[in-house]
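To start, the structure itself, in structure tokens.
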Amino acid sequence: MSGTGGLPPIPLYEQYSANESKYVQADVKSNPTLQQTIAYFKKEAPKITSPEALLKNYRVLQVVLGAFNMSNLINEQGILKKLLTQNPNAQNSLVRQLANVTYLNFAKVMSNW
348 MSGTGGLPPI
358 PLYEQYSANE
368 SKYVQADVKS
378 NPTLQQTIAY
388 FKKEAPKITS
398 PEALLKNYRV
408 LQVVLGAFNM
418 SNLINEQGIL
428 KKLLTQNPNA
438 QNSLVRQLAN
448 VTYLNFAKVM
458 SNW
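With the numbering used here, the residue at position 106 of the sequence shown is 453, and numbering never jumps.
Structure follows, in structure tokens:
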């Protein structure tokens, strides 16, 4: 199986990952919607000082969840609130019960309010 242009997938991945920031910057420059999203996030992020504030700002929440590949949870306020407020190291926390590494990483990063 080969990637784009006949290159094998591993070398293609290595090529893109080595220049990821360059590709991201090019994508941002060519995408006005993405530019607006980033500008809004930069403006609003300093105002987000609690889990409740994050949950109330849908646009910022979209960016945060997207960064963790959790966009599918955007309308799951109850689950998100527990992930944002419970101690991720507690054995009885929701994140431990769900046993999802992505959710655990999110909960750990977001536990430092």
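Ideal Cβ positions, reconstructed from N, Cα and C, are used throughout, including at glycine.
field: Residue interval of the alpha helix (DSSP H) (run including PRO367)
entry: Correcting the residue type first, residue 367 is Glu in the shown sequence and not Pro. Where GLU367 is concerned, the enclosing alpha helix (DSSP H) stretches over 367 to 376.
- request: Express the C-alpha separation of ALA365 and ILE421 in angstroms, rounding to a whole number.
  value: So the alpha carbons of these two residues sit roughly 31 angstroms apart.
message: Buried or exposed, going by whether 16 or more other CB atoms sit within 10 Å of the CB of VAL411?
response: Label assigned to VAL411: buried.
message: Once DSSP output is grouped into helix, strand and coil, what is the label at SER418?
response: SER418: helix per DSSP, three-state reduction.
SER458 (DSSP reduced to helix, strand or coil): Here SER458 sits in coil by DSSP.
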